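There are 2 protein chains.
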Amino acid sequence: MKVKELAVGAGVNPDTVRFYTREGLLKPTRNPDNNYQQYDAEDLRRLRFARKARQLGFSLPEIRQILEQADDHYSPCPMVRDVFQQRLAEVEREIAELQQLRKRMTAALSAWQEMPDGTPDGHTICRLIERWDDTVPDTGNKG
Amino acid sequence: MKVKELAVGAGVNPDTVRFYTREGLLKPTRNPDNNYQQYDAEDLRRLRFARKARQLGFSLPEIRQILEQADDHYSPCPMVRDVFQQRLAEVEREIAELQQLRKRMTAALSAWQEMPDGTPDGHTICRLIERWDDTVPDTGNKG
DNA sequence: TTTGACCTGTGAGTAGCTCACAGGTTTTAG
DNA sequence: CTAAAACCTGTGAGCTACTCACAGGTCAAA
């Protein structure tokens, strides 16, 4: 299979196939006649696997590690379970954060119903936002 | 005020101050003696405003636009309300998506309790993930 | 005067792609 | 047979919102 065929088979952009190949997730052979990449059914499985893993929140390095372990006939599954649990916890944190944010946003929106727009006067840029009190928890930035 | 003073005043990294300055959100003057950036109380207000807006999910270009409108004595608030509503809708979509994901993850985890790890045999890389059925909605990537 | 903390601009790194470019190959239509 | 379209190649840049590293200039305190 050529790049586009593989891409279509997995429902991704051909550039993603090339990118994953560069990143070492896929290891096609070469057609010596024209130097084209040659993918097989195994690559298609790997690519589909990678996409599923991405949906689950695995990073590319993690996925590469899983694939490499599989290549070496190690069972990657215990590691998958580990990372998966961590991801689940992360997802739950993200949900909680977003729900907090939504709560504050809807509250702000209803509060703003009563506020005039107000032309900026050099002191208040836009009260709608200035009045937003920033007791919101840290969003995860360093520093 | 110098860079670090402003940064401390707004609770951000000095590099963020420099970055925002490069991006045109802050417009300090120069001390001709030493070529240092000179910020004033207005800049502090702008920076604080920008940080609040970031918490609300505004992008830097959006924030710059708001600040520029304010500089031109336009009231940016109707625009703020607009973008804000859109952001709220987005946040709600994100929440729904993550909740979907969490549901699928917990379901998968409990299903995996009963599955053996299984050493990869060239056909199944890791059933834990391969068995994940990908009827999950599009995560927002372009195609 | 030396030390240390600050300042300057620029450039690279982060994640996961996506796209642009310039040139080679293969397929298809005429 | 040929011309054009559609594919292939590798590399490098762009996206977001910073953060950090680097090399060198400035300034306050000891």
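Heads up: the sequence lines are chains Y and D, in that order.
FYI, the numbering for the first sequence is 1 to 143, going by the UniProt record's numbering.
FYI, the numbering for the second sequence is 1 to 143, going by the UniProt record's numbering.
Where is the CB? At the ideal position from N, CA and C, for every residue including glycine.
Since the structure is predicted, the reported quantities are computational estimates derived from the model, not experimental observations.
Residue burial classification, residue 36 (chain D) (beta-carbon count within 10 angstroms, cutoff 16): exposed
Under the three-state DSSP convention, the category residue 37 (chain Y) falls into: Correct three-state label for residue 37 (chain Y): strand.
Buried or exposed by the 16-neighbour rule on C-beta atoms within 10 Å, applied to residue 46 (chain Y): buried
Close beta carbons around residue 44 (chain Y), own chain, < 8 Å, minus the five adjacent residues each side: 1, 6, 9 and 10
Test: residue 47 (chain Y) CB closer than 8 Å to a CB of chain D: no
Residues, ordered as in the chain, of the region 84-112 of chain D that lie near chain Y by beta-carbon distance below 8 Å: Listed by position along the chain: 84, 85, 87, 88, 91, 92, 94, 95, 98, 99, 101, 102, 105, 106, 108, 109 and 112.
First through last residue of the alpha helix (DSSP H) which encompasses residue 20 (chain Y): 14-22
Euclidean distance between Cα positions of residue 31 (chain Y) and residue 14 (chain Y): 18 Å
For residue 9 (chain D), the first and last residue of its enclosing alpha helix (DSSP H): 3-10
Terminal residues of the alpha helix (DSSP H) in which residue 110 (chain Y) lies: 77-112
Short Cβ contact (8 Å threshold) for residue 81 (chain Y) with residue 112 (chain D): yes
Residue closest to residue 51 (chain D), alpha-carbon to alpha-carbon, out of D:63, D:40 and D:41: D:63
Cβ-based burial, residue 53 (chain D) [other Cβ within 10 Å; buried from 16]: buried
Selected residue, minimal CA-CA separation from residue 42 (chain Y), among Y:20, Y:100 and Y:27: Y:27
Member of D:93, D:85 and D:102 whose CA lies at the smallest distance from the CA of residue 209 (chain Y): Residue 209 (chain Y) lies beyond the residue range present for chain Y, which begins at 1 and ends at 143; the question has no answer from this structure.
Contact under 8 Å by Cβ, residue 87 (chain D) with residue 56 (chain D): Result yes, Cβ atoms of residue 87 (chain D) and residue 56 (chain D) sit closer than 8 Å.
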